[in-house]
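Sequential numbering of the sequence shown, starting at 12, is according to the working numbering. The structure appears right after this line, and notes come after that.
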Amino acid sequence: MHKKEKYLIAIAGLLHDIGKFYQRAIDKKTSDEDKKIFQYAHAYLSYEAINQELKEGLESVFSQEELKTILDGCYHHKPTTPIQHLLQKADWISSSERSKDQTIYNLEILSPDQKKKLENFAVQNPRLRSVFENLSLGKEYKKRNYFYKIAPLNLSKDIFPKDLEYTYGQIDTKAADEEEELGSYPKHWESFKTEFNQKLKNAVKFENSPEKIFSLIYHLLYKYLWCIPASTYDKENYSNHYPDISLFDHSRVLSAVACCFYDYDKEGFTQEGTNEFQNKFKDKKVFLHIKGDISGIQKFIYNVYAGKRGTAKTLRGRSFYVSLLPEILSRYILNQLEYPISNLLYSGGGIFEILVANTQENLDKILKIKQEIEEFLATDFEADLGLSLGYYQYSPIEMMKDYKTVLSKLNENLDNAKKEKFSTLIDSGKIFDLLNKKVSDIKQNKKRCPVCKTYLISENLQDDDEICEVCEKFRNIGQFLPKTEYLIFAKNLTPNFVENKKVVNFKKFGAVYLVDKNNISDLQPLFLDPEITEILAINDTSLKRYTTGFKFIGKVVPEAEKDAPLPEEDDKIEEGQIVPFSYLAQFSEGDDRIGILRMDVDNLGNLFSKGLEDKISISRIATLSRSLDLFFSGYLNEICKALTSEYKKQNQDANVKNFFYILYSGGDDVFLVAPWDKAIDIAEKINNEFKNYTCGNPNITLSAGYIQVKHKYPIRFAADLAGEAEEVAKSSGKDRICILGDVLQWNEIKELKSTSEKWIEYIKRNKLQRGFIYAVHRLKEQFLKDLNKSSKVAFPYREIGKEDLMFYPYAQYYIARNINKDIREEVSQFLLDKQNFKKLTFLVNYISLKTRN
């Protein structure tokens, strides 16, 4: 009963302000009598929405007694019971983020006489503003009042913010339709109400599966409330709020806080005013904030050697497994402590954050779970993967008023924990037995697995069986993943997992079952299975029957569209399989190579800790984390698909569904492989789209590392080189890419590619000798190289102005010998411009690769 009541309070928290959405949709006035009971119109309308509009769905899964607890959330402005008081205090904390910033309108597009009209327009059409506009690390930025269109969540351009002044100008001049640009509250509400009632009518009873019902309601609210502002006006203080927190993020944080209060002392939050509440709890460490960091991910993913079939599958399987690991471990912790998924504040990029009550019972369980996880990682992966857990205990007042310090202390404690990985097992001496367990289980003579060259296998294994159980598991995952459309999360293995090869088994921590579109009939028995907690559709927010939610995953891979022979091999690739790198490389223009791209957000730690300045809060951090992950885990797939569509218009016979291979994406990281030239294109595209997604704010930038290699080059070494290139880009000033031997600012790539393509055309037309490109390379090596510097990935140029002056006469000599008169001046101007000296390695390599073969 304790767990179910906690879940009901969490649902009450999710729905406590649903009246704000309802109110904006119907524009209904409330009576003085209603306000006496609920104090504010939106609180009464939350009650009405739950009791009338959403009644059909809610009554299908909840008993009347359970619905009473959910309705307690509507009384959070005028509570009378301990649970209502508890939800009120949770609301105070979750809404402490509300900023009193005034909206400043820039009139670059609109004329001054339209200012008042614009202000009225903005007030009459309240929309969620972008949290990215409020981030600053010192670079000057003029806000443009970006807002989000009201639309159900999906991986389209609707998740991108829109410029308010520009949009208003389009609507005012009838150049654009108002509803098409802004979305509609009434239509959005009707869609939400219809889907909410329909989905719950087809669901199981809450009594039988609280996790599934919570997941379904949580994801329905995510789908529809992500774009609804939590607050635009403070009725108590008669002042405007800057509406950059969504109603979904406000509600999920309140839900998490309320669960903590309930677990800490469900009767202890009955204070009548904020002063009394703050005085009582200023020194009480109510919250236990847990941050987990899985180490060794990058090295673990890429620890695959060429030479055995299925390298691409194994890589994808490894990547997928480690992306699931924080999800599984965090869910196991929540399940053991009996908390819903709203208390998982964040999961992505190998990191998770959980908020629970700071009770001795929870602390004891966490320590026990930590040891269980360490034993699992030591036994199954010989400690190649590790988990560090940092904790911080703090008061509700710290969460409200000093969340910046909370994050700083939490990260400090996590850094300390990283220095003590597996410390409990090491101190007890148990670590050695666990590390040797797999080896001791093999009774025959042993040899290293040829795929990972890490784990030992029996010397008797041959041919396709010559693989360790770890690599075999990952190869199976990689084989089924391209067609997988649903992830089934389970507490334990169940007979309803009908195909063992599609089970990703995390042992006592749970399991994930992969279901493809051809096996959708499997979902019904899984939906009714009590061991199943969530059924999540991958990158699909339509919430089809028997699903409880959705999950965004970088999933694009180059699948074969039909059977085809493999180049350089006496074998073939089958339809639907991930093509090997040798096959992918042949879709390059020029030399058959692959490009390796790694990129991430610059100064991410500072953006979280300093970028929001005095506006930092748990809800705003939750919004920022979710928004970044939505781009990198979700929208990145659409970028890959869009570029592939463009390429296939020019190469309709290409036997791949995608030219891109997302090996890892999530949080703020990207690692992908593509034909060498297309990897350059997508690097540009990701950067441009990210700038649009983050409102063009110059304080939010990406850095990237790119290398190109032959397809047989070991991926683990290529990954290291790309990582080194990324570090060079960051150390050179950030907001850059280290690519083809040069460190370039993002806006330089387009110009350099244009120059390179022009010279390639000159080569094709015999106006410029291909040998001239190698002459430029020799000039660069002889006169521009700094012999005191060295780098594997970037050419060591001398500083501008310190070049050997012999460069100029030699350059003029080569120009005169190799170039037609009609383009000689153009080439000469480019080559002799000092500002282009540090771009010559890119130019030489790009042209050489494109004109080879």
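Note that the Cβ used here is the ideal one computed from N, Cα and C, for glycine as well. Quick caveat: nothing in here was measured; it's all calculated off a predicted structure.
Item                                                                                                                               : Value
Same chain only: Cβ atoms within 6 angstroms of A267, ignoring 5 sequence neighbours per side                                      : S353, N354, L366
Beta bridge counterpart(s) of L779 as assigned by DSSP                                                                             : I830
Where A892 falls: helix, strand or coil (DSSP)                                                                                     : Because the chain spans 12 through 864 in this model, residue 892 falls outside it and cannot be assessed.
Own chain residues within Cβ distance below 6 angstroms of D395, not counting five before or after                                 : G307, F311
Residue burial classification, S167 (beta-carbon count within 10 angstroms, cutoff 16)                                             : exposed
Contact set for D574: own chain, Cβ-Cβ below 8 angstroms, skip 5 residues either direction                                         : K583, I584, E585, E586
DSSP bridge partner residues for Q719 (one or two, in chain order)                                                                 : G606
Residues near S859 by beta carbon distance below 7 angstroms, same chain, minus five either side                                   : I784
Which residues DSSP lists as bridging G560, in chain order                                                                         : L547
Three-way DSSP call (helix, strand, coil) for P172 in this model                                                                   : coil
Alpha helix (DSSP H) segments (min. 4 residues) lying fully within the region 333-421                                              : 371-392, 407-412
Chain-order list of residues whose beta-carbon lies under 6 angstroms from that of I339 (same chain, five-residue window excluded) : F517, F520, G521
Beta-carbon separation (whole angstroms), L618 vs I711, contact threshold 8 angstroms                                              : 7 angstroms
R776 burial status per 10 Å Cβ neighbour count (16 or more: buried)                                                                : exposed
Residue environment, D245, which counts as buried when at least 16 other CB atoms sit within 10 Å                                  : Because the pLDDT of D245 is 44, which lies under 50, any placement of that residue in the model is unreliable, and the question is left without a value.
Three-way DSSP call (helix, strand, coil) for Q50 in this model                                                                    : coil
For A596 and N864, the rounded distance between their alpha carbons                                                                : 13 angstroms
Same chain, Cβ closer than 8 angstroms to Q282, neighbours up to 5 away in sequence not counted                                    : H96, K100, F288, K291
Pair within 7 angstroms by beta-carbon distance, D527 and T505                                                                     : no
I748, DSSP secondary structure in three states                                                                                     : strand
Paired residues, beta bridge with P240 - DSSP                                                                                      : S257
7 angstroms Cβ cutoff met for G645 and G360                                                                                        : no
Cα-Cα separation between Y857 and Q719, rounded to whole angstroms                                                                 : 10 angstroms
Three-state secondary structure (DSSP) of V681                                                                                     : strand
Helix, strand or coil at L525 [DSSP, three-state]                                                                                  : strand
Alpha carbon of A715 to alpha carbon of E759, nearest angstrom                                                                     : 14 angstroms
Simplified DSSP assignment, three categories, for Q756                                                                             : strand
Option in D746, E738, K741 with minimal Cα separation from I697                                                                    : D746
Host alpha helix (DSSP H) of H300 (start-end)                                                                                      : Run containing H300: none in the alpha helix (DSSP H); it sits in the beta strand (DSSP E), 298-306.
Proximity below 7 angstroms, CB of F207 to CB of L231                                                                              : yes
C-beta atoms of Y402 and V417 nearer than 7 angstroms                                                                              : no
Bridge partners - L713, DSSP secondary structure assignment                                                                        : V612
Pair within 7 angstroms by beta-carbon distance, I48 and L82                                                                       : no
V134 burial status per 10 Å Cβ neighbour count (16 or more: buried)                                                                : exposed
Other residues of its chain near Q50: CB distance less than 8 angstroms, five sequence neighbours each side excluded               : H88, K89
Residue(s) in a DSSP beta bridge with L498                                                                                         : L525, L547
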